[in-house]
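Enquirer: Pasting a structure below so you can have a look.
This is the structure we're talking about:
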């Protein structure tokens with residue numbers, strides 16, 4: 006136990022394999038993405054304040070904000086909240102000292118974090134994915150949704166979902 010970083014060290018959170026710490030990391034990160042998704046919801050609702058929009062967002066920007074909000078809430082908030090609670094409580098409920106594969110558990114958190122960060126920076130790469138959060142194939146092709154284009158940000162969104 007003496008080779009572990011101190012409880013107040015940032016290194017403790019970066020190298021942890023403890024199920025409680027990983028669960029807390031999941032929960033805190035999911036709450037961050039919840040706030041980000043809430044800000045996107047606020048932006049597109051402010052845009053709809055007036056009939057025809059306030060000019061805050063372009064039509065493509067509106068589609069991007071709605072798509073990103075939906076993806077954030079489903080993939081980067083709801084799923085990780087369940088994972089965080091399960092990581093924290095299930096080993097305690099069954100009386101286990103830790104999970105069976107603690108390093109794999111920690112690695113899954115880091116994949117989740119970096120996929121969310123890749124998704125967040127996709128806005129700054131020429132615009133993010135704008136085809137709707139369901140990504141329903143017949144409706145998200147450029148024929149039916151002209152806002153959907155092959156952009157770097159859209160590709161980054163797809164890679165973020167693959168990494169998730």
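In this note's numbering, the protein residues as written are 6 to 169. In this text, a Cβ means the ideal position worked out from N, Cα and C, and glycines have one as well. Note that the coordinates shown come from a computational prediction; the quantities given were computed from them, not determined experimentally.
1. Which one of 135, 130, 109, 81 has the shortest CA to CA distance from residue 24?
2. Using 8 Å for Cβ pairs, my map puts residue 89 next to residue 32. What's the rounded Cβ distance?
3. Using the Cα positions of residue 93 and residue 73, report the straight-line distance between them to the nearest angstrom.
4. Going residue by residue through the segment 23-69, where are the continuous alpha helix (DSSP H) segments of at least 4 residues, counting only ones entirely within it?
5. If you follow the alpha helix (DSSP H) that residue 20 is part of, which residue opens it and which one closes it?
6. Identify whether residue 11 lies in helix, strand or coil by the three-state DSSP scheme.
7. Please report the distance separating the alpha-carbon of residue 128 from that of residue 38.
8. Between the C-alpha atoms of residue 124 and residue 162, what's the straight-line distance to the nearest angstrom?
9. Helix, strand or coil, according to DSSP, for residue 115 in the structure here?
10. Could you pull out every residue in the same chain whose Cβ sits closer than 7 Å to the Cβ of residue 167, ignoring the five residues on either side in sequence?
11. Flag this pair as yes or no: are the beta carbons of residue 67 and residue 49 separated by less than 8 Å?
Expert: A quick look at the data gives this:
1. Along the chain shown, read from residue 1 onward, the residue named residue 24 stands at position 19. The shortest C-alpha separation from residue 24 is found at 109.
2. Counting from 1 along the chain shown, the entry for residue 89 is found at position 84. Counting from 1 along the chain shown, the entry for residue 32 is found at position 27. About 4 Å; that satisfies the 8 Å criterion.
3. Position 88 of the chain shown holds residue 93. Position 68 of the chain shown holds residue 73. Rounded to whole angstroms, residue 93 to residue 73 spans 28 Å at the Cα level.
4. 24-52
5. For the purposes of this step, residue 20 is taken as residue 15 along the chain shown, with counting starting at 1. Per DSSP, residue 20 belongs to the alpha helix (DSSP H) from 15-20.
6. Along the chain shown, read from residue 1 onward, the residue named residue 11 stands at position 6. Coil, per DSSP.
7. Residue mapping note: residue 128 aligns to position 123 of the chain shown, counting from 1. Residue mapping note: residue 38 aligns to position 33 of the chain shown, counting from 1. Taking the straight line from one Cα to the other gives about 14 Å.
8. The count along the chain shown starts at 1 and reaches residue 124 at position 119. The count along the chain shown starts at 1 and reaches residue 162 at position 157. Cα to Cα, residue 124 sits roughly 5 Å from residue 162.
9. Mapped onto the chain shown, residue 115 falls at position 110. Here residue 115 sits in helix by DSSP.
10. The residue given as residue 167 occupies position 162 in the chain shown. So the list is empty, once near-sequence residues are dropped.
11. Within the chain shown, numbered from 1, the residue matching residue 67 stands at position 62. Within the chain shown, numbered from 1, the residue matching residue 49 stands at position 44. Closer than 8 Å, so yes.
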